[in-house]
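For reference, each letter of the sequence shown is one residue, going 48 to 526 in my numbering. C-beta atoms are modelled at their ideal positions from N, C-alpha and C, and glycine is treated no differently. Since the structure is predicted, the reported quantities are computational estimates derived from the model, not experimental observations.
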Amino acid sequence: MNYGMIVYMLGWICLFEAMFMALPLMVAVIYQEPAGWAYLMVLVLCAVLGLLLTRRKVKNRKIYGRDGLVIVAFCWIVLSIFGAAPFVISGDIPSFTDALFETISGFTTTGSSILNDVEALSRANLFWRSFTHWIGGMGVLVFILALLPIKAGGAGMYIMRAESPGPRVRKLVPKIKTTAMILYAIYFGMTVLQIILMLLAGTPLFDAMVLSFGSAGTGGFAIKNDGLASYTNLQQAIVTVAMILFGVNFNFYYLLLRRKPRQALACTEVWAYLGIIAASILVITIQVLPRFETVYQAFHHTAFQVSSIITTTGYSTADFNEWNALSKTILVLIMFVGACAGSTGGGIKVSRIIILLKGVRKEVMRVCHPRSIKKVKMDGHSLELEAVHSVYAFVIIYICIFVVSLLVITLDEKDLVTNFTAVAATINNIGPGLNIVGPAGNFSSFSDLSKFVLMFDMLAGRLELLPLLVLFVPSTWKK
């Protein structure tokens, strides 16, 4: 274990968090809010700590898989702890546990909240809540790799694999730094485009920015108590399209930019993702027609909720907790499916679902034809056996964490639907669940123990399980 590199990267995380804190500080100055002092204090603390930790040069910068996993896990934990401090210092969220829950929910782009009155928060804190979505959407360490001249051998790829969502992470170009820069350029450009469209649709600048941060990071923190229900149909439609687009694998956009439309359109995962969205919208629209005045309204709100759930964003324009059983069941199922690998969305990922189904088909065919040799293929290419086995391992670990989490939070004596969807909403980085944790509710009634379990689930879901789990393996800490 290369402890020097771990400390070095934690120092850079502190420096970058100090830089991030400058934006809500500016918001506080513009709106003349006392919460600005909280951000100034944390900014100075992070800057001093970061300078101290990065001052000493690391001689051995060579790291491997487990080092990358540990770096990612620790960086996200440190990022969340310091990110929660302004909420506590400003007094908007006095409980550190609640502030940490809100912050982890923000950075992991979950959107689950413990706040009963969102509009009571200062503008600076509202901005920071949503900005954490944007930071965490693509990954803060990917951001660091894109900007810093860190020469760490193969460290970049190990870190990127640990932080990027999905079963297959490949370099778009030979240099990992260039890959990171390309990803963030696409991410930044799409975010700016959404902000412009929201402004053209008549959205106030502050609202346009925070809603775009939430859509881009597929996070879902709203700044109004009614979610997005009070915005116009046009504004809601822009957010709907944006959520779907940010749920697409960013490799797809890279291929389009490189003028390789055939390769882009040959992506099986993207077509499966869009197909699931279309089928879900069609079925649910038919089911909820009696609840709306027109077919358009039924389609509009259904499209928004389906896009929000499958991309794990969590925004809402209607209380889908009141919809019929079939509609709610479909929404819960697509919670688990999630968006595409290599996107900002959460969930198991569409690519893993495809690989699982093809793996099952392969086993069935092998039983029927023992002498036949079948390989699992994706986009016309045969997948290595290791890649298929990693998907199986992911699903097994996922189920184990889900079951243990469910058992622990049942100690709070809440109903099964609330508990089940609370775990599903956090481990898949969705945001709202059903019943008590539905779109009109929140997670404030859970005990501190349950909140810490759900915080673990949010981090585990965002980091693809393994980075957090390796922290509990004794052999990880051996040199």
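Residue i versus residue j: straight-line alpha-carbon distance, rounded
i	j	result
Q282	T523	48 Å
K104	F63	18 Å
V317	Y231	20 Å
Y439	L430	13 Å
F143	K307	49 Å
P251	G274	16 Å
F490	P133	20 Å
G236	A289	12 Å
T225	M185	15 Å
Y301	A311	8 Å
I161	V353	23 Å
A167	I140	10 Å
L512	V455	18 Å
I324	Y78	40 Å
P221	L116	Low per-residue confidence applies at P221: pLDDT is 45, beneath 50, and the placement is therefore not dependable, though the value from the model is reported in the following sentence. Each residue's alpha carbon lies about 22 Å from the other.
F351	E340	17 Å
I118	L303	33 Å
G112	M48	10 Å
K271	I444	36 Å
A40	V411	The requested residue 40 does not occur in the structure, where the chain is confined to residues 48 to 526.
I151	K421	43 Å
Where residue i falls, given that 16 or more other Cβ within 10 Å makes a residue buried
i	result
L258	buried
M66	exposed
K525	exposed
P81	exposed
N163	exposed
M68	buried
H416	exposed
Y50	exposed
D462	exposed
T376	exposed
C122	buried
N475	buried
L373	exposed
C61	buried
I446	exposed
S277	exposed
A146	buried
Other residues of its chain near residue i: CB distance less than 6 Å, five sequence neighbours each side excluded
i	result
L246	A255
T332	A345, F346, T349
I136	A85
Chain-order list of residues whose beta-carbon lies under 8 Å from that of residue i (same chain, five-residue window excluded)
i	result
L72	G83, Y86, L87, L90, A171
L515	A120, F503, L506, A507
A248	T279, L281, Q282, I285
L292	M237
G406	V423, V435, V438, Y439
Whole-number beta carbon distance between residue j and residue i, since they are thought to touch under 8 Å
i	j	result
V342	L336	7 Å
G158	G478	3 Å
I357	A386	6 Å
G266	G153	7 Å
F299	C314	6 Å
L126	V187	6 Å
A487	M382	A487 to M382, Cβ: 18 Å. No contact.
Cβ neighbours of residue i in the same chain (closer than 7 Å, five flanking residues each side left out)
i	result
G264	T156, H180, W181, G183, G184, T391
V384	I323, I357, G394, I395, V397, I400
L57	L100, F121, C122, V125
D459	F493, S494, S497
TODO: Within the segment 339-364, note down every full alpha helix (DSSP H) run reaching 4 residues or more, in order along the chain.
DONE: For the segment 339-364, the continuous alpha helix (DSSP H) assignments of 4+ residues that do not extend past its boundaries occur at 342-357, in sequence order.
- [ ] List in chain order: all unbroken beta strand (DSSP E) runs of 3+ residues lying wholly within the segment 474-501.
- [x] Correct list: empty.
Task: Completely contained alpha helix (DSSP H) runs for the segment 238-281, where each covers 4 or more residues - done: 252-263, all fully within the segment 238-281.
Task: Every unbroken beta strand (DSSP E) inside the segment 395-439 [3 residues or more] - done: Qualifying beta strand (DSSP E) stretches: none in this window.
- [ ] Report the residue ranges of all beta strand (DSSP E) runs contained in full by the segment 93-170; include only those spanning at least 3 residues, in chain order.
- [x] Entirely contained in the segment 93-170, not one beta strand (DSSP E) run reaches 3 residues.
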